[in-house]
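Same order as they appear, the protein sequences are chains A and B. Its first residue numbered 569, the first sequence is counted upward by one per residue in my numbering. Its first residue numbered 569, the second sequence is counted upward by one per residue in my numbering. Even for Gly, the Cβ is constructed at its ideal location relative to N, Cα and C.
There are 2 protein chains.
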Amino acid sequence: MTDYPAKLQALRAQLAEVSLLRGISAALYWDQATYMPRGGAPVRGQQLAYLTQQSHLRFTDPALGKLLDDLLPYAESLPPDSDDAALIRVTHREYQRATKVPAELVAAISQNASESYHVWTAARPANDFARVQPYLERTLDLSYRYAECFAPYDHIADPLIADSDYGMKAADIKALFAELRAALVPLAQAIADQAPADDTFLHQHYPPEIIERFTTEVIKRFGYDFERGRLDQTAHPFAVRLNGGDVRITTRYPQNTLSDPLFSTLHEAGHAMYEQGIKADYEGTPLASGTSAGVHESQSRLWENVIGRSYPFWEYFYPLLRSLFPQQLEHISLDQFYRAVNKVERSLIRTEADEVTYNLHVMIRFDLELELLEGALRIADLPEAWHARYQADLGVRAPDDRDGVLQDVHWYSGLIGGAFQGYTLGNVLAAQFYAKALAERPAIADAIKQGEFGELHGWLRETIYQHGSKYTAPELIARALGKLDTAPYLSYLRQKYGALYRL
Amino acid sequence: MTDYPAKLQALRAQLAEVSLLRGISAALYWDQATYMPRGGAPVRGQQLAYLTQQSHLRFTDPALGKLLDDLLPYAESLPPDSDDAALIRVTHREYQRATKVPAELVAAISQNASESYHVWTAARPANDFARVQPYLERTLDLSYRYAECFAPYDHIADPLIADSDYGMKAADIKALFAELRAALVPLAQAIADQAPADDTFLHQHYPPEIIERFTTEVIKRFGYDFERGRLDQTAHPFAVRLNGGDVRITTRYPQNTLSDPLFSTLHEAGHAMYEQGIKADYEGTPLASGTSAGVHESQSRLWENVIGRSYPFWEYFYPLLRSLFPQQLEHISLDQFYRAVNKVERSLIRTEADEVTYNLHVMIRFDLELELLEGALRIADLPEAWHARYQADLGVRAPDDRDGVLQDVHWYSGLIGGAFQGYTLGNVLAAQFYAKALAERPAIADAIKQGEFGELHGWLRETIYQHGSKYTAPELIARALGKLDTAPYLSYLRQKYGALYRL
């Protein structure tokens, strides 16, 4: 009879090594983005490529595949909800995917990502697309080569999408996006026909250290644990899990804006609370991470928007904010402030976009990714294609590439394909999860007015966070919500913006 | 005929991997000491232990030993000054030493060091020796076991000393220390009989950010390259090489002292300039680090003391410092300031000790290390032994263990033995190197009065920095100075303090 406990222990030991290597990469990535001096870049690139290659080698070790094959019958003998069954099932699926990609390609992708990111951090402020173009061409080439490892596929983007949103295909997303676009375009149009909200007072000097005092207080109340995390500054905000005891977030403080740092911080705290909330037992295994980009984004958007841009939230927090910025907000009422942070406008920057137009930014990027991968668009033509789509879809054109094609970090720090759809999936899911939470725990709504979030955080931890990657996104959605549904999201938007505008 | 170029290339490739792993450890160590949240400690300990074990495994790979054996005849056929010959020679020596230590012991040492350091950072402020005692007992046990790998030896501390100051033995150091003590004790006594310098004005509030503006200006002028480094805060200041393009330093800003952060920063910059000055060709090899603790310390002490506490230095920098602290220094003349930063007193803290008594602090620690290793002293009795020696040698007794046995990071972040003698070797060498530099380039002295250090930095780079570990400390000293000699150091002290006091 097969000694399953011994094999399971051997599996865990090998996975623990992979997890250590990945955690080390995460630490070096964080350092690269926050504090590393310029001179550290060349060796850092080598280190990250080396670590990625090493963890890939260990995760694709045939001995691991053998262990998994041996353990599959054991997994099937366990209750489907068992953690051990999930560990074997999820690891087996990831092993199958990982063994399709040669270690050399993995290393080349990591090395290119690191170099490209470093060049981008200088090229973006210099508005210099030409400097990143060769890196981006290599990125596109590497993205092709990566996707081809998974042939056959319906669409070349499918394998890339599966990496971040397992269970979704380009065709599914196109259909979902078409459905949303049909509702969002008229909504945005109806709002655009009216006088815009006045948010000029948000665009003045707000000292970063005082913004940070406020956001720190807010995210502590949300439930972000600073004993197991920290907040720093980077060009592009992010959350990164080094391990369950160390999940860090970053934000930025551009000049003369309060909303960017404020909502970026709430957003990243949402991602981080998901990671901090995963069962400690899963540490050192593939279960110890959020299950998909879409579900991850649902948590960041829930805390950033559904909570952080809601009226009850500001009923509690606006007095504190005003006391911290007495000069800037002296003559601004709660209602004026609430309208301003929910201003709808056709704008240039995705991360600063309002809830109504945000998904249009995502769809532009998603469509451009598909065109690049289909060979219908060349990297050299990307800056102009970007401008053209913004003109067509949002009626605006960035004055430069800095706020155009150089805007987002994603293509400059990974692959092209699968990078953006998760944002819109997240918006849809955020509304759906929140509606469900309210239905199951009605006390949540009143607690927000008191600045209390324990009930909501508890529901999310129980329903989503604790499971990590135990369930795929479709499985998790099936358990918690039945099925993915745009209705709660569209109803949320219509209700909120119907009250703010005459719709 | 043996294909030496191919073998040399294979050697370099394997060493490059070891170097990557060590550089990663250095980055994680820096993060642990600066910004890591408390919750990150358990996994970080595992990561550091894992990396140390991996780099040890690769560095002790028998295939590497075979390559080295094959290459030794080639090294001997090259001119002794050849970089390739040095690479083979130095790597062979380090390989011989490293293969004596089992990988498991290396990992246990690393894991214990990491845990112990973390406990110490909390135990020191809490004045709680009991909390670190079990870790320190394990450290002593590990130190024994480590030293025993190198049996036979004259003294059990010899292998530990060889790790930091290759070429020196406990007996050599005892003899050198006896010679110094005979000169320093009467000097300290003669000064102690006189009225102490007034340094009360150094002990008031100096805002850290303004101190840092000053120290940043100073170390930039020294030649510390911020494009390849940075300055942060830690409990105990240090310098760490991540790679040649990234050599970081840290300092601390205790309340109500100007001298501690000021001279700590200059000190660590000295270490860092040594590492930044190593030939770029050596990157990825064992040649790419300072050659010994003593030579390293000679560079930190040279910049901190011989330059940073000299009259010509303050002739240039005191006006700037006073302009930054107009209130604190309004009524303080250059002469008063110079006397204050060179105040001699029997004090408790090694890193704040003056140049005359500093070595007495080192000798206490060195002697205690020997007693612990000889089995003549138990860890449980160490706090009281510390107090007793301070009472006997310096006539002072710390009010608690915080400023007693918990004072220095060394025993809490590595092994016991070989940790301290380098400081005194460094003091002796700093004076000797500086005397030599002045003899060869007399313009150095005048340049300092103008705040110019290029000539001195150039001489040090050429004579010391660029060589990295190409030469052992005894070889480097032989090339640059002839032999180690206490005369320049004692003459420097007598001249400087003879002018400051009536001796």
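Span of the beta strand (DSSP E) around residue i
i	result
B/Ala807	Ala807 to Asn811
A/Gln801	Leu799 to Gln801
Nearest-angstrom beta carbon gap, residue j and residue i [assumed within contact, 8 Å]
i	j	result
A/Leu583	A/Thr853	5 Å
A/Leu928	A/Leu962	6 Å
A/Leu830	A/Thr783	6 Å
A/Phe627	A/Val586	5 Å
A/Gln801	A/Thr825	In fact, because the Cβ distance is near 14 Å, the residues do not count as touching under 8 Å.
B/Leu946	B/Phe988	In the sequence on display, residue 946 of chain B carries Arg and not Leu. Not confirmed; about 20 Å, so no contact.
A/Leu752	A/Val924	7 Å
A/Leu728	A/Ala715	6 Å
A/Ala738	A/Leu938	6 Å
A/Leu941	A/Ala725	5 Å
B/Gln1018	B/Tyr884	6 Å
A/Gly797	B/Pro610	No, A/Gly797 and B/Pro610 are not in contact; Cβ-Cβ is about 15 Å, not under 8 Å.
A/Ala848	A/Arg820	Actually they do not touch by this definition, with Cβ atoms about 31 Å apart.
B/Leu640	B/Ile656	7 Å
B/Gly990	B/Gly862	5 Å
Collapsed DSSP secondary structure at residue i in the structure displayed
i	result
B/Arg946	coil
A/Ile729	helix
A/Asp1014	helix
A/Asp849	helix
B/Ile817	strand
A/Ile779	helix
A/Phe790	helix
A/Arg1009	coil
A/Asn910	coil
B/Thr570	coil
B/Leu897	helix
A/Gly735	coil
A/Asp968	coil
A/Arg877	coil
A/Gly990	helix
B/Arg1070	coil
B/Ala1048	helix
B/Ala960	helix
Opening and closing residue of the alpha helix (DSSP H) in which residue i lies
i	result
B/Val611	Ala609 to Phe627
A/Asp638	Pro630 to Ser645
A/Thr707	Phe697 to Glu716
B/Asp652	Asp651 to Ala666
A/Val863	Ala861 to Arg869
A/Thr689	Ala671 to Ala691
B/Ala746	Ala738 to Ala760
B/His1116	Limits of chain B in this structure are 569 at one end and 1071 at the other, which puts residue 1116 of chain B out of reach.
B/Gln1034	That residue, B/Gln1034, is in no alpha helix (DSSP H); it is neither H nor E in DSSP.
B/Glu920	Per DSSP, B/Glu920 belongs to no alpha helix (DSSP H) and is neither H nor E.
Heavy atom of the ligand MG within 7 Å of residue i beta-carbon
i	result
A/Arg869	No copy of the ligand MG appears in this structure; indeed no ligand is present at all.
Practice problem: Say whether the region 833–842 of chain B touches the region 779–791 of chain B, bearing in mind that this needs 3 or more beta-carbon pairs closer than 8 Å, one atom from each stretch. | Solution: yes
Quiz item: Three or more C-beta pairs closer than 8 Å, one from the region 684–697 of chain B and one from the region 911–919 of chain B: is that the case here?
Solution: no
Quiz prompt | Interface residues of the region 606–626 of chain A facing chain B [CB-CB below 8 Å] | solution = Under the 8 Å Cβ criterion, the region 606–626 of chain A contributes Arg606, Gly607, Gly608, Ala609, Pro610, Val611, Arg612, Gln614, Gln615, Tyr618 and Leu619.
Quiz prompt | Residues within the region 776–809 of chain A neighbouring chain B, beta-carbon criterion of under 8 Å | solution = Taking 8 Å as the Cβ-Cβ cut-off against chain B, the residues of the region 776–809 of chain A that qualify are Asp793, Phe794, Glu795, Arg796, Gly797, Arg798 and Asp800.
Exercise. Below 7 Å between beta carbons is the criterion; list the residues of the region 838–855 of chain B that meet it against any residue of chain A, in chain order.
Key: Result list empty, no residue passes.
Quiz item: What are the residues of the region 586–598 of chain A that lie near chain B, defined by any Cβ-Cβ distance shorter than 7 Å?
Solution: Leu588, Gly591, Ile592, Ala595 and Leu596
Exercise. Check each residue of the region 813–836 of chain B: if its Cβ is closer than 8 Å to any Cβ of chain A, include it; give the result in chain order.
Key: Gly813, Asp814 and Arg816
Quiz item: Are the region 802–811 of chain A and the region 991–1006 of chain A in contact at 8 Å, needing three or more beta carbon pairs?
Solution: no
Quiz prompt | At least 3 beta-carbon pairs within less than 8 Å: the region 970–988 of chain B vs the region 708–717 of chain B | solution = yes
Practice problem: Taking 8 Å as the threshold, find out whether the region 1049–1057 of chain A comes into contact with the region 609–629 of chain B through three or more Cβ pairs. | Solution: No, the region 1049–1057 of chain A does not touch the region 609–629 of chain B.
Quiz item: For the 8 Å Cβ check, are there 3 or more pairs between the region 866–879 of chain A and the region 724–739 of chain A?
Solution: no
Self-check item: chain B contacts made by the region 1022–1049 of chain A, where a contact means CB separation under 9 Å
Solution: none
Quiz item: Quick one, which residues of the region 676–708 of chain A are near chain B if we go by CB-CB under 8 Å, in chain order?
Solution: none
Self-check item: Sufficient close CB pairs (3 or more, under 8 Å) joining the region 608–617 of chain B to the region 677–685 of chain B
Solution: yes
Quiz prompt | the region 864–874 of chain A in contact with the region 895–905 of chain A per 3-pair CB rule at 8 Å | solution = no
Practice problem: Would you check if the region 999–1016 of chain B and the region 1027–1045 of chain B touch, i.e. whether three or more CB-CB distances between them fall below 8 Å? | Solution: yes
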